Structures are given as C-alpha cells and as structure tokens.
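This report concerns only the one structure given below.
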Amino acid sequence: MGTIEEIAAASDQVLDAIAFNDDGLVAAIAQQFDTGEVLMMAWMNRDAVSETLKTGQVCYWTRSRNKLWRKGETSGQTQKLVDFRWDCDADTVLMQVDQKGVACHTGRRNCFFNGVRDGKVVSLAEVEVDPKDLYG
19 MGTIEEIAAA SDQVLDAIAF NDDGLVAAIA QQFDTGEVLM MAWMNRDAVS ETLKTGQVCY
79 WTRSRNKLWR KGETSGQTQK LVDFRWDCDA DTVLMQVDQK GVACHTGRRN CFFNGVRDGK
139 VVSLAEVEVD PKDLYG
C-alpha cells in the first residue's frame, strides 16, 4: 500500500493503465480497507479517477446525472482512499477505502444486502440510517 502522495504521483501512469470502456467508464468497487467488506460498485471516468488519486477522497461518475459524484457531498458519508488497485484486464478498479457512515443510498452499511436464504430472496441487512436523514 502506497501513501496517498505516492498514489497521486503515479496518477498519469494509472490513467494510462486503465482500460476504460467505450463510454469512457471503468467499474469501481469500494472495499472497507480494514475489514475487507465490499461496500459498493459504481462507475468512474478519467476525471473521477484523477480527482480520487489526487485528493484522496473518492469521486465517481454518475450515469443518471451525467456528472462527477463526490461520495458524501450531500450525505456526509465519505470515502477516504487508502489504496487503489486494478485487475488483470485493467477493466475494473478496486479502491480500499475508509468509509465514514453508510455506503448505500438506502441507508445500509453496504449495497450488497440482497441474498437468497432457504430458497427465498431476503434482505440481509437492516437500514442503519433513514435515507431521508441522509438526503433531505
């Protein structure tokens, strides 16, 4: 794991290494750095990757609003970058982060709360924070 300064210094090399898709995006997985919990998946474009690497605060690209989405800018539920990695095909990035609060817009700790138990689809996690309290 490099320091944020070391990661930022390599940002041009990282951007050249990532295989962005035809829409200019790359899948991005956020993982809690100290527990390994997978928090969420979102999309990043070049600008989001660059900003994340340079500031140490995770930034995504929102396809629905067609703009940069700085995680926590409205909810306060921020992600501080701890480590930045990409897979063998360079088409998915893994960010190990320090998550402040919940990661999911539904108010759950992570976005992967649906599952199958005893042949039924169930919710595996309760809402920790009412989304109305996060987003008004």
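19 is the number of the first residue of the sequence shown in this note's numbering; add one for each residue after it.
For every residue, glycine included, the Cβ atom is placed at its ideal position computed from N, Cα and C.
Quick caveat: nothing in here was measured; it's all calculated off a predicted structure.
Taking C-alpha atoms, which residue in the options lies nearest to residue i?
i, options, result
"D65", "T124, L43, K89, N132", "L43"
"D116", "V32, G54, N39", "G54"
"Q114", "L33, D34, M58, D40", "M58"
"L112", "D40, E23, A46, T70", "A46"
"T109", "W61, K150, D52, A28", "Note on residue identity: the sequence assigns Asp, not Thr, to residue 109. Nearest C-alpha to D109: W61."
"A121", "V140, L71, T92, V67", "T92"
"W104", "E24, G119, F38", "F38"
"G119", "V100, D34, Q50", "Q50"
Can you give me the C-alpha to C-alpha distance between residue i and residue j, rounded to a whole angstrom?
i, j, result
"N84", "N63", "11 Å"
"G74", "L142", "31 Å"
"G20", "D30", "16 Å"
"A26", "K138", "45 Å"
"Y153", "F102", "28 Å"
"L86", "W79", "5 Å"
"E69", "H123", "22 Å"
"F131", "A48", "15 Å"
"G125", "Q97", "15 Å"
Should residue i be labelled buried (16 or more other beta-carbon atoms within 10 Å of its own) or exposed?
i, result
"N128", "buried"
"S82", "exposed"
"C106", "exposed"
"G94", "exposed"
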